[in-house]
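To start, the structure itself, in structure tokens.
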Amino acid sequence: MAEFVLYHTEGCHLCHLAEAVLNEAGVAFTPVDICDDEALAERYGVRIPVLYRTADGAELGWPFGLDDVMVFKGV
1 MAEFVLYHTE
11 GCHLCHLAEA
21 VLNEAGVAFT
31 PVDICDDEAL
41 AERYGVRIPV
51 LYRTADGAEL
61 GWPFGLDDVM
71 VFKGV
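Going by full-length UniProt numbering, 21 is the number at position 21 of the sequence shown; the sequence numbering is gapless.
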């Protein structure tokens, strides 16, 4: 499993912005579409995009920028 997961959904413009920030920060992530899982849709439906760190379960919710991601990635 990847170190980071980006919870998103197709057609979400904020999710596309988040992906661009993650790519700029050099963060490898696994994208997970919340529409494919009822529990995820319920949990993240109004909060996406959300970056999830698998090591400790920490979450970074939108809005986040490059500096935020760099700090989150370095913890």
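We put the beta carbon where it would ideally sit given N, CA and C, even for glycine.
The structure displayed is predicted, hence computed values, not measured ones.
Burial state of residue i, where buried means 16 or more other Cβ atoms lie within 10 Å
{"i": "residue 63", "result": "exposed"}
{"i": "residue 51", "result": "buried"}
{"i": "residue 9", "result": "buried"}
{"i": "residue 66", "result": "exposed"}
{"i": "residue 69", "result": "buried"}
Euclidean distance between Cα positions of residue i and residue j
{"i": "residue 25", "j": "residue 4", "result": "13 Å"}
{"i": "residue 74", "j": "residue 27", "result": "11 Å"}
{"i": "residue 41", "j": "residue 72", "result": "24 Å"}
{"i": "residue 38", "j": "residue 45", "result": "10 Å"}
Beta-carbon proximity check, residue i vs residue j, cutoff 8 Å
{"i": "residue 93", "j": "residue 6", "result": "Past the boundaries of the shown model lies residue 93; the chain is included only from 1 to 75, so the question cannot be answered."}
{"i": "residue 47", "j": "residue 61", "result": "yes"}
Segment contact flag, the stretch 34 to 42 with the stretch 11 to 19, C-beta cutoff 8 Å, min 3 pairs: Verdict: no, contact absent.
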